[in-house]
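For the sequence shown, this note's numbering gives the first residue as 33, with consecutive numbering after it. Here is the structure we will look at.
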Amino acid sequence: MPMLNANLENFEGVDHFIGTQIDNKYDVLENVGQGGMSVVYKAMQTAMNRVVALKMLKMGLSSDPIFKQRFVREVSMLGKLNHPNIVTVFDSGTTPDGHLYLAMDFLSGSTLQDVLDKSGALPIERAAPLILQICDALNHAHKRDIIHRDLKPGNIMIETDHRGQEIVKIVDFGLAKMGEGSERLTRAGELWGSSFYMSPEQCNGAESDVRTDIYSFGIVMYQMVTGKVPFRGSGFMETVTKQLNEPPPPLKLTKADLNLPDMLEIVMFKCLEKAPENRFQSVADLKSALQTALPEAKKPDRTLSSTGPQRKIAPPPPPPKPRKVDSVTSRTSKSSNMKGLIVLLFVLLICAIAVFFVLKNHTPSVAPNTVSGQGKS
């Protein structure tokens, strides 16, 4: 393949990356997706003979000195992440014409956003395992002082394993951090992070911490079970205003046919507290609360699947009533024991009387002088 030497200020029109080799390591095969800050390519890592994904950052970012400094720092941090629910970033570099890139595992699944666009709200039986996997991924990153800062359905991939089970893979850890504070990276009507999922502190330009991810995760959970985000305005500023000032609508107000436990709504809304100190203070605490709330959602009268026949789970049989015969038997046994004791005492009494009369009839007579002599002495 030819080496890349084109200067691509934008990725529209003819894509000069396809069919080239980058850093003598990656043969670029096809364009598989594009976002506001990057384009993702399917590529072949020649030395390992494996398919990988290359996230190529646009020149507006790659040429920004602040972004480049943070890129190097954040990429070194991403090396700490090794979790089954986080996509692995294993390489980074710069193309000959100056584009920064990341090399990572190639994922063939869909984003959670694609799933929600296609299916709408997810039944709790499907949403619950995904929610807990997201918890595990965030907890792993937070323990290593890595905050996502842009958690949203578009950054959550859903893969299917060989058993047919859905597996979460979170992407783009650290990318939002790379862009914070650079004026060249703030476009008209857009801040780092998506307004539908931004925390109030992000909207105010304040410092982010793990509780920022917890807020965004609360919005993702809300959307998973209702099909809609809780705060949506007609434009960017109206959405931000809602994030800052309005409480989230009750779940049933957003989706009237929901039948979820109250505890689950309480947990979600605690994530969406405006003040960070009123939210869960760690994802570990959040997961513990979710594990308490989520089993309540699996009620016996719920269908097993949102697709296919609506089979209902029969309620368990009532516990057997106490058998009255047991108490009767117990009372009968006690009564029999009492009667036996009375008979035994009666027999002993008869025996005692008989012994008394026998002894009385065989007692020898005593002379009168003997009695009087004992009295004198």
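Note that beta-carbon positions come from the ideal geometry of N, C-alpha and C, so glycine has one too.
Three-way DSSP call (helix, strand, coil) for residue i in this model
{"i": "F122", "result": "strand"}
{"i": "I345", "result": "Caution applies to I345, whose pLDDT of 39 falls short of 50 and renders its modelled position unreliable; the value that the coordinates give is listed next. Of the three classes helix, strand and coil, the one that applies to I345 here is coil, per DSSP."}
{"i": "S320", "result": "helix"}
{"i": "S214", "result": "Model confidence at S214 stands at a pLDDT of 49, short of 50, so the residue's coordinates are unreliable and nothing is read from them."}
{"i": "D168", "result": "helix"}
{"i": "D146", "result": "helix"}
{"i": "E305", "result": "coil"}
{"i": "E198", "result": "strand"}
{"i": "I179", "result": "coil"}
{"i": "G250", "result": "helix"}
{"i": "Q255", "result": "helix"}
{"i": "V64", "result": "strand"}
{"i": "T127", "result": "coil"}
{"i": "G267", "result": "coil"}
{"i": "N310", "result": "helix"}
{"i": "H174", "result": "helix"}
{"i": "E278", "result": "coil"}
{"i": "G186", "result": "helix"}
{"i": "D47", "result": "coil"}
{"i": "I315", "result": "Going by the sequence as given, residue 315 is Val instead of Ile. Reduced to three states, the DSSP call for V315 is helix."}
CA nearest to the CA of residue i, picked from the options
{"i": "C167", "options": "Y247, G130 and D193", "result": "Y247"}
{"i": "T52", "options": "Q77, V252 and G65", "result": "Q77"}
{"i": "N114", "options": "P128, R102, V272 and D137", "result": "D137"}
{"i": "N63", "options": "V84, N310, N56 and H174", "result": "V84"}
{"i": "R82", "options": "G68, F122, Q101 and S151", "result": "F122"}
{"i": "D177", "options": "R102, M109 and M295", "result": "M109"}
{"i": "E239", "options": "I179, L148, V107 and K74", "result": "I179"}
{"i": "L154", "options": "F99, V252 and N277", "result": "V252"}
{"i": "K175", "options": "K112, S227 and P116", "result": "K112"}
{"i": "M80", "options": "G65, L86, S95 and Y58", "result": "Y58"}
{"i": "V119", "options": "T273, L86 and N56", "result": "L86"}
{"i": "L93", "options": "D47, S70 and F312", "result": "S70"}
{"i": "F228", "options": "T273, E297 and A173", "result": "T273"}
{"i": "C235", "options": "K100, M91, I54 and L276", "result": "L276"}
{"i": "A321", "options": "N187, M88, M295 and N310", "result": "M295"}
{"i": "F68", "options": "D55, N56 and L89", "result": "Strictly speaking, residue 68 in this sequence is Gly, with Phe absent from that position. Checking every option, the nearest Cα to that of G68 belongs to L89."}
{"i": "P128", "options": "G65, F103, N56 and A75", "result": "N56"}
Opposing strand residues paired with residue i [DSSP bridges]
{"i": "E233", "result": "Partner(s): none; E233 has no beta bridge."}
{"i": "M76", "result": "D59 and V83"}
{"i": "M88", "result": "V71 and Y133"}
{"i": "Q191", "result": "Looking at the sequence itself, residue 191 is Glu, so the reference to Gln does not match. In DSSP, E191 forms a bridge with I199."}
{"i": "I54", "result": "Y58"}
Proximity below 9 Å, CB of residue i to CB of residue j
{"i": "P185", "j": "K306", "result": "no"}
{"i": "Y254", "j": "M189", "result": "no"}
{"i": "V257", "j": "L290", "result": "yes"}
{"i": "V72", "j": "L170", "result": "no"}
{"i": "P281", "j": "P293", "result": "no"}
{"i": "D182", "j": "S226", "result": "yes"}
{"i": "E191", "j": "L148", "result": "no"}
Contact with chain B by residue i, beta-carbon distance below 9 Å
{"i": "V252", "result": "No chain B is part of this structure, which consists of one protein chain only."}
Cβ-heavy atom distance, residue i to the ligand MG, below 8 Å
{"i": "G250", "result": "For the ligand MG, the structure offers nothing, since it holds no ligand at all."}
Any contact between the segment 151-164 and the segment 115-133? By contact I mean 3 or more CB pairs, one from each, below 8 Å. Judged by pairs of C-beta atoms under 8 Å, the segment 151-164 does not touch the segment 115-133, as fewer than three such pairs exist.
Would the segment 308-325 and the segment 257-271 be scored as touching if the rule is three or more Cβ pairs under 8 Å? The segment 308-325 and the segment 257-271 do not touch, with fewer than 3 CB-CB distances between them shorter than 8 Å.
Is the segment 227-244 touching the segment 280-288 in the sense that three or more CB pairs, one from each, lie closer than 8 Å? With a cut-off of 8 Å, the segment 227-244 and the segment 280-288 do not count as touching, because too few Cβ pairs lie within range.
With contact counted as at least three CB pairs below 8 Å, one residue from each stretch, are the segment 186-206 and the segment 139-158 in contact? By the criterion of at least three beta-carbon pairs nearer than 8 Å, the segment 186-206 is in contact with the segment 139-158.
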